[in-house]
Amino acid sequence: MTSPLVAASGRAPLDEVGTVASQAFGPVFSETVQSARMEQPLRDPLARKLATYADLTPGDLLDLEEWAANGRRFAAQTPLLHQSDVPESAILVLDGFACRYKFLTNGRRQITAYLLPGDLFELDLDFRLPLDCAVGTLTACQLAFIPRADYEDLIGRRPRIARALQMVRLTEAATLREWITNLGSRSGPERLAHFLCEMLLRLRTAGLAPGNQYSFPITQADLADTLGISCVHINRVLQKLRRDGLIELSGRRLTILKPEGLRLLAEYDASYLEPAAVPLRPSAIDKLTA
1 MTSPLVAASG RAPLDEVGTV ASQAFGPVFS ETVQSARMEQ PLRDPLARKL ATYADLTPGD
61 LLDLEEWAAN GRRFAAQTPL LHQSDVPESA ILVLDGFACR YKFLTNGRRQ ITAYLLPGDL
121 FELDLDFRLP LDCAVGTLTA CQLAFIPRAD YEDLIGRRPR IARALQMVRL TEAATLREWI
181 TNLGSRSGPE RLAHFLCEML LRLRTAGLAP GNQYSFPITQ ADLADTLGIS CVHINRVLQK
241 LRRDGLIELS GRRLTILKPE GLRLLAEYDA SYLEPAAVPL RPSAIDKLTA
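Note that UniProt numbering has the sequence shown beginning at 1, numbered continuously upward.
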């Protein structure tokens, strides 16, 4: 059954949460976050993210702000789209953590992607496709639903945004390959270390990870469904990383105490988060600036 939440929309204020960040990953985590092509802080997380891929114009930013203004709150663990639904709205995460996931017939869940502030559940522009996964909130979230007509109109009018979203899709595909490698080839501690490294850099891009710490409201059950291990094993892995002095988890805030140690444990290479893609042919952007 198609979720009635897809058609819902409303208005809610958007909190200011920092600056655009494009984090280069060197031998250690750098605490200095560089501004990505924008001198002033941007108002919404999607604009911050897309500005790391393209030089957005004032008109681009105004249109993205309109998307970000149409937000409403959803409780934690709320299903948004079910597997086989045909979505008619894109979903923009403004605050909180959401995810893509699949259920097995025995009730077990596998989380296949995290949707963080600034992430967009996109619509296919050429087809109406039944979903091969479900989408839901992990924590309390503020979400904006962008109807298909509005989404297609903006993509058609804003070539810089369209190109940035192409880069986002390349990054998401590379991230999925990293997750497959993580699940298939790393131990429990290595899987968690890799996941924590990725979360740090993605949240820094959204302006939500000052220094080497960030909000971590994810439950152990969610972590188990993300990393493909049991809740009991997740607890043991967390304790090991704490004993080794790599992380500190206080309440719902995680601090990476030894960034280089965590990176080495995970063999973490962040290049997949910043694909070095070179266009093969002129785009609408190039024609406008020629």
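Cβ atoms here follow ideal geometry from the backbone N, Cα and C, with glycine treated the same way. What you are looking at is a predicted structure, and each value in this text was computed from that prediction instead of being measured.
Asked	Found
Ranges of the beta strand (DSSP E) found wholly within the stretch 52-112, counting only runs of at least 3	71-74, 79-81, 89-95 and 98-103
Cβ neighbours of A144 in the same chain (closer than 7 Å, five flanking residues each side left out)	W67, A68, N70, G71, L92 and L94
Stretch-stretch touch, CB-based, cutoff 8 Å, three pairs: the stretch 184-202 with the stretch 214-230	yes
Contacts around L241, its chain only, beta-carbon distance under 6 Å, and the 5 residues preceding and following it disregarded	I247
Run of the beta strand (DSSP E) containing E248, from where it starts to where it stops	I247 to S250
C-alpha distance - D222 paired with I111, whole-angstrom precision	8 Å
Complete alpha helix (DSSP H) runs within the stretch 126-208 (minimum length 4 residues, chain order)	148-157, 159-185 and 188-205
From Q83, A98, P87 and T205, residue whose alpha carbon lies closest to that of T105	Q83
Span separating the alpha-carbon of L61 from that of A47	7 Å
CB of I146 within 8 Å of CB of A98, strictly	no
Integer Cβ distance of N212 from P259, believed to fall under 8 Å	5 Å
Residues sharing a beta bridge with R253, DSSP	S215 and S250
L120 in three-state terms, based on DSSP	strand
Residues of its chain near F103, where Cβ-Cβ distance is below 6 Å and the 5 sequence neighbours each way are ignored	R109
Which listed residue (D63, V237, L138 and R253) has its alpha carbon closest to that of L265	V237
Reference Q77; option with closest CA among S250, P217 and V232	P217
Close beta carbons around A209, own chain, < 6 Å, minus the five adjacent residues each side	L200 and L203
Closest residue to K49 among D85, C197, Y272 and A164 (Cα-Cα distance)	A164
Alpha-carbon spacing of L257 relative to S271, whole angstroms	22 Å
Whole-angstrom distance between L280 and R252, CA atom to CA atom	45 Å
Where the alpha helix (DSSP H) through E267 begins and ends	Counting along the chain, E267 falls outside any alpha helix (DSSP H), and DSSP gives it neither H nor E.
Supposed contact pair P87 and L116 - C-beta distance, whole angstroms, cut 8 Å	About 19 Å; that fails the 8 Å criterion.
Within 8 Å, strictly: CB atoms of C231 and Q220	yes
Which listed residue (E267, Q142 and S250) has its alpha carbon closest to that of R186	E267
Per DSSP, cross-strand counterpart(s) of Y114	C99
Sub-8 Å separation of A162 and I155 beta-carbons	yes
Supposed close pair L262, C197 - CB separation, criterion 8 Å	6 Å
Rounded straight-line distance, which links the Cα of Y214 to that of L254	6 Å
Exposed unless 16 or more other CB atoms sit within 10 angstroms - verdict on L56	buried
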